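Since the structure comes first, as structure tokens, the remarks are kept for the end.
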Amino acid sequence: MIATQFDYLAPKTIDEAVALLSEHGDNAKVLAGGHSLIPAMKLRLAQPALVIDIGRIKDLSYINEDGTSISIGAMTTHYEIESSDLLKRICPLLPECAATIGDVQVRNKGTIGGSVAHADPAADWPAAILALGAEMNVVSSGWERAIKAEDFFVDMLTTALEPGEILREIRISLPQGRFGQSYMKVHQPASGFAIVGVAVSLTRNDDGTCMSASIGITGVASKAYRASGVENALVGQQLDEQTIASAASHATDGVDANSDLFASEDYRRHLAEVYTRRAIQTAAERAR
Amino acid sequence: MQAKREYVYQALTDAEVLKRCIPGCEKLEQTGENTFATTLKAGVGAIKGVFNGNVKLEDMQQPSHYRIVVDGKGQPGFVKGAGDFDLEEQDGATLIKFVGDVQVGGTLANVGQRMIQGAAKMMATQFFTSLEAEAQATEKEEPPPKHGFFRTALRWLSGILRRVFKKN
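Here the protein sequences come in this chain order: A and B.
13 is the number of the first residue of the first sequence in my numbering; add one for each residue after it.
4 is the number of the first residue of the second sequence in my numbering; add one for each residue after it.
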């Protein structure tokens with residue numbers, strides 16, 4: 013189908029973009045890589061009167077590291093993250109997650125900022141963003157602020173972004189010590205979206221016990237969430253098969269699991285447990 | 004819900020209250036005894052659609068039970084469904100039980116299938132949250148023991164509150 017008629021503006025700076033956004037409010041949508049918004053517009057499920065394309069703004073696409081943290085520009089594509097040698101070395105969860113997104117075309121055009129701001133309940137990034145305890149740097153006309161990952165994803169397709177705010181950068185503390193990470197997912201065969209996706213980032217003490225663990229799960233509920241029940245069952249423990257399996261059984265504790273044509277609620281819970289177990293095992297091995 | 008059962012029943016069957024509480028409801032007009040025509044601008048995030056439809060209330064047993072039948076059509080697809088509301092009293096509060104069956108078709112169902120359940124839950128939560136706020140605002144207005152400054156102040160405050168809610 014063809015989208016309904018809309019106006020198109022491509023500001024050259026982020027200041028112009030936020031000014032346009034606050035001027036046009038609810039009638040405007042920000043276009044990043046366009047791999048969620050454009051299909052929705054073509055199906056006429058989204059009919060914004062104005063599309064503000066932030067793709068022409070310079071300096072929104074970068075991957076930097078300053079010794080304590082990593083910063084990634086919102087317009088950095090999935091492919092740029094997938095193929096970043098720097099990230100493969102210092103934070104391999106990000107390239108590993110990027111490599112599982114959609115197909116080649118989606119990864120070439122789709123952006124991390126677009127995906128995070130859209131907050132699709134089955135998108136891959138939110139799981140990784142949660143597991144890495146990232147901070148979203150957000151700008152608006154007049155102020156900027158940082159939003160923690162846990163506070164950012166509010167509900168399905170709903171984030172803590174206020175009207176008039178644009179996500180500019182994602183900041184992640186550099187993993188330290190003996191760390192191991194892993195992302196595992198069951199993808200929906202047609203769309204590539206996660207039916208269940210589990211991101212794990214953990215560190216081990218010298219004696220091999222788990223020092224810290226953070227786990228983000230996507231695809232299961234109306235938004236990605238931190239599996240704190242699993243995390244608590246891991247910290248301080250030896251990461252043997254039995255501990256990991258019993259910790260993984262908390263993967264969907266207190267969560268209202270989705271049910272659709274591809275996976276019933278029970279099946280999703282089962283998948284979440286199995287993939288949480290596998291992702292923790294892999295991350296633990298990598299942290300040796 | 005923290006409100007008396009009689010009030011909740013009345014609110015759930017009152018076009019004006021429903022119009023204020025249903026997320027995205029732009030029009031809800033009574034067309035006959037217990038039938039309404041509605042225009043709903045429903046959606047989450049970037050995904051939005053406008054629906055036109057009819058709502059019918061049946062099997063009304065005040066203040067404990069009624070059945071709602073919805074039939075709507077919009078640009079992104081159609082929605083058809085029915086459900087039973089059962090209200091139970093619990094220490095001055097009301098327990099609302101809703102069991103319903105909804106069919107969704109068209110573009111919305113083809114591409115949005117995996118999100119429909121989540122969207123429905125989200126809208127239901129918004130609806131009951133604003134209904135509760137409405138109930139509490141109204142209960143405050145019920146006759147307190149004496150006339151006086153306090154009551155006038157409350158009136159004034161709830162008036163403002165209600166105007167704010169109406170705007171939304």
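C-beta: ideal position from N, C-alpha, C; glycine also.
Keep in mind that this is a model prediction, so the values were computed, not measured.
Assuming A/ASP97 and A/LYS197 are in contact, meaning their beta carbons sit under 8 Å apart, how far apart are those beta carbons, in whole angstroms? Contact doesn't hold; Cβ gap of about 23 Å is too wide.
B/THR141 - DSSP class collapsed to helix/strand/coil: helix
Under a Cβ-count criterion, where at least 16 other Cβ atoms within 10 Å of its own Cβ denotes burial, should B/TYR12 be classed as buried or exposed? buried
Establish whether the CB of B/PRO66 and some CB of chain A are separated by less than 8 Å. no
Kindly indicate if chain B contains any beta-carbon less than 8 Å away from that of A/THR123. no
Short of 9 Å Cβ to Cβ, which residues in the segment 105–125 of chain B face chain A? THR110, LEU111, ASN113, VAL114, GLY115, GLN116, ARG117, MET118, ILE119, GLN120, GLY121, ALA122, LYS124, MET125
What residues of chain A sit near B/ALA49, judged by a beta carbon separation below 9 Å? LYS41, SER48, LEU49, ALA52, MET53, LEU57, ALA58, PRO60, HIS130, LEU169
Give me, in chain order, the residues of the same chain whose beta-carbon lies closer than 7 Å to that of B/PRO79; leave out the 5 immediate sequence neighbours on both sides. GLY52, GLY109, THR110, LEU111
B/PRO148 versus B/GLU29: straight-line alpha-carbon distance, rounded: Only weak support exists for where B/PRO148 lies, its pLDDT of 45 falling under 50; the coordinates are left without a value.
Could you check if B/HIS150 is buried or exposed, using at least 16 other CB atoms within 10 Å of its CB as the buried criterion? Confidence at B/HIS150 is low in this model, with a pLDDT of 49, below 50, so its placement is unreliable and no value can be given for it.
Note down the Cα distance separating A/LEU92 from A/GLY126, rounded to an integer number of angstroms. Here the sequence assigns Glu to residue 92 of chain A, which means Leu is not the residue at that position. So the alpha carbons of these two residues sit roughly 14 Å apart.
As assigned by DSSP and simplified to three states, the class of A/CYS109: helix
Keeping to the same chain, check which residues put their C-beta closer than 6 Å to that of A/SER185; ignore five residues upstream and five downstream. SER81
Closer than 8 Å between beta carbons: that is the criterion. Which residues of the segment 260–284 of chain A meet it against chain B? ASP268, ASN270, SER271, ASP272, LEU273, PHE274
Answer with yes or no whether the minimum CB distance from A/SER185 to chain C is below 8 Å. As a matter of chain content, chain C is missing from the structure shown, whose protein chains are A and B.
Provide the residue span of the beta strand (DSSP E) that contains A/HIS199, from first to last. 190–199
In terms of residues, what are the limits of the beta strand (DSSP E) holding A/ALA233? Neither: A/ALA233 is in no beta strand (DSSP E) and is coded neither H nor E.
Can you list, in chain order, the residues of its chain whose CB lies under 7 Å from that of A/GLN250, leaving out five sequence neighbours each side? GLY220, THR221
Compute the distance between the beta-carbons of A/ILE66 and A/ALA29, then report whether it is under 8 Å. yes
Could you give the DSSP three-state label for A/LYS70: helix, strand or coil? coil
Neighbouring residues, chain A, relative to B/GLY52 (Cβ below 7 Å): LEU57
Under 8 Å, with one C-beta from each stretch per pair, do the segment 267–277 of chain A and the segment 10–24 of chain B reach the 3-pair mark? no
Mind checking A/PHE164: buried by the 16 CB within 10 Å criterion, or exposed? buried
Write down the C-beta distance between A/ILE64 and A/LEU43 rounded to the nearest angstrom, noting that I regard them as a contact closer than 8 Å. 7 Å
Could you check what DSSP says for B/HIS89 in three-state terms: helix, strand or coil? Inspection of the sequence shows that residue 89 of chain B is occupied by Asp rather than by His. Strand at B/ASP89.
With a 10 Å radius around its C-beta and 16 neighbouring C-beta atoms as the bar for buried, classify A/PRO201 as buried or exposed. exposed
Within 8 Å, do at least three Cβ pairs link the segment 133–151 of chain A to the segment 230–239 of chain A? yes
Report the partner residues of A/LEU62 according to the DSSP bridge assignment. A/ASP19, A/ALA40
The segment 197–227 of chain A: positions lying closer than 7 Å to chain B by Cβ: none
Are the beta-carbon atoms belonging to A/SER234 and B/MET126 less than 8 Å from one another? no
Residues that B/PRO79 contacts on chain A, provided the C-beta gap is smaller than 7 Å: ARG56, LEU57
Which same chain residues end up closer than 6 Å to B/LYS3 when comparing Cβ atoms and leaving out the 5 residues on each side of it in sequence? Chain B is shown from 4 up to 171; residue 3 of chain B falls before or after that span and cannot be answered.
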